[in-house]
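All residue numbers for the sequence shown refer to my numbering, where the first residue is 460 and numbers rise by one. Notes follow once the structure below has been shown.
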Amino acid sequence: MWRWRLTGNDMPERRMVHGALARCLDDDHHAARKAWSWTAHRGPSGLAVDIGLLDDALADRLIAGTDRLRGLLPLAGVEQVSGCDWAGLLAGPKLTEWTVRFVSPVTFRRGNRFLPWPSPSAVLGSLRTSWRTFAAPHVGDVSVDLSTDPVVVASIEGSSPVERVVLHDRPDAAGKRGPVTVSVGGFQGQVRFVADAPGFDPTGVNALVRLAQFCGVGAYTTRGFGGVRLPVPGAPAACDG
């Protein structure tokens, strides 16, 4: 996990942060899955943007691009705040319940609709796709069969905000440029998931939950949605933070 430290008291618009990071990190702007995500961070030391990277090669690009982007964003600097290798994600304790805090709204896309319900299949399915797309070849796949509903929601607390998100500008018939927007509904809050199947091996779920804080969950993670923090200890010793 990397962090852009910001100056000032106002968080830049989603569109500005997305565009700046895309300049640094994107090879294919239209790729279905990207090896980076971000979440707004508000801490005791001020505002920041937390950036998850699933490819170590992107770290050098982020560092190099930070100085070039100071004119676009109020950047004070960049630093690494935590990290974990893929084997470390698999090496932690075998928990059978997981508390996940969505610090930015998580949303799941179905066609042109955005759905806010963080069901186990939606959350773990999103993370499993990220693992299969970006995991180092030597660690292999994670075995999580979601068809039998082995994980259930035990408790949930939060809200379902709806936000109008600006995607880009487009000229109208008169040639005047205007914003193209989409309405995105998401869930923001805390969910406790519990294993609820006899003989279920939680190894794969544990690895996916630990991955969540580095890649985000659901749709629009490169636009600041789906940010995750794990308030209950469970990170393996091989990981920092």
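C-beta: ideal position from N, C-alpha, C; glycine also. Fair warning: this is a prediction, and the values are worked out from it, not measured in the lab.
Around the C-beta of residue 510, are 16 or more other C-beta atoms found within 10 angstroms, so that it is buried, or is it exposed?
Taking the first residue of the sequence shown as position 1, residue 510 is located at position 51. Per the 10 Å Cβ criterion, buried.
Three-state secondary structure (DSSP) of residue 598
Sequence index remark: in the sequence shown, residue 598 carries index 139 (1-based). DSSP places residue 598 in helix when its eight states are reduced to three.
What whole-angstrom Cβ distance do residue 646 and residue 561 have, given they're in contact under 8 Å?
Stepping through the sequence shown from its first residue, residue 646 is reached at position 187. Stepping through the sequence shown from its first residue, residue 561 is reached at position 102. The pair is a contact, with the Cβ atoms about 6 Å apart (cut-off 8 Å).
Runs of beta strand (DSSP E) wholly within the segment 538-596 (minimum 3 residues, chain order)
Runs of the beta strand (DSSP E) inside the segment 538-596: 556-565, 567-569, 572-574.
Restricting to runs no shorter than 4 residues, where is the alpha helix (DSSP H) found entirely within the segment 640-700?
Fully contained in the segment 640-700 are the following alpha helix (DSSP H) runs of length 4 or more, in chain order: 662-674.
Indicate the three-state DSSP secondary structure (helix, strand or coil) for residue 606 in the structure shown.
Here residue 606 is taken as the residue at index 147 of the sequence shown, counted from 1. Of the three classes helix, strand and coil, the one that applies to residue 606 here is helix, per DSSP.
Host beta strand (DSSP E) of residue 701 (start-end)
The question about residue 701 has no answer here: the residues shown for the chain are numbered 460 through 700.
Please list, in chain order, all residues of the same chain as residue 582 whose beta carbon is under 6 Å from its beta carbon, the five residues on each side excluded.
Taking the first residue of the sequence shown as position 1, residue 582 is located at position 123. The answer, listed in chain order, is 676.
Collapsed DSSP secondary structure at residue 502 in the structure displayed
Here residue 502 refers to the residue found at position 43 of the sequence shown. Three-state DSSP puts residue 502 in a strand.
Just how far apart, CA to CA, sit residue 481 and residue 659?
As a working note, residue 481 is residue 22 in the sequence shown. As a working note, residue 659 is residue 200 in the sequence shown. Between residue 481 and residue 659, the C-alpha separation is close to 40 Å.
Taking just the CA atoms, how far does residue 571 sit from residue 470?
Taking the first residue of the sequence shown as position 1, residue 470 is located at position 11. Taking the first residue of the sequence shown as position 1, residue 571 is located at position 112. C-alpha separation (whole angstroms): 28 Å.
Provide the residue span of the alpha helix (DSSP H) that contains residue 464, from first to last.
Here residue 464 corresponds to residue number 5 of the sequence shown, with the count starting at 1. No alpha helix (DSSP H) contains residue 464, which is instead part of the beta strand (DSSP E) from 461-465.
What's the C-alpha gap between residue 576 and residue 486?
Working through the sequence shown from its first residue, we reach residue 576 at position 117. Working through the sequence shown from its first residue, we reach residue 486 at position 27. The alpha-carbon atoms of residue 576 and residue 486 are separated by roughly 31 Å.
Residue 512 beta carbon less than 8 Å from that of residue 557:
What you label residue 557 is simply residue 98 of the sequence shown in a count that begins at 1. What you label residue 512 is simply residue 53 of the sequence shown in a count that begins at 1. Not in contact: residue 557 and residue 512 (Cβ atoms no closer than 8 Å).
For residue 520, the first and last residue of its enclosing alpha helix (DSSP H)
To locate residue 520, count along the sequence shown from 1; it is residue 61. Membership of residue 520 in the alpha helix (DSSP H) is indicated by the continuous run 516-527.
Residue 702 and residue 573 look like a contact to me (Cβ under 8 Å); what is the Cβ gap, rounded to whole Å?
Residue 702 is absent from the model: the chain starts at 460 and stops at 700.
Considering just the uninterrupted stretch of the beta strand (DSSP E) at residue 477, what are its terminal residues?
Position 18 of the sequence shown, counted from the first residue, corresponds to residue 477. The continuous stretches of beta strand (DSSP E) do not include residue 477, which lies in the alpha helix (DSSP H) extending over residues 473-484.
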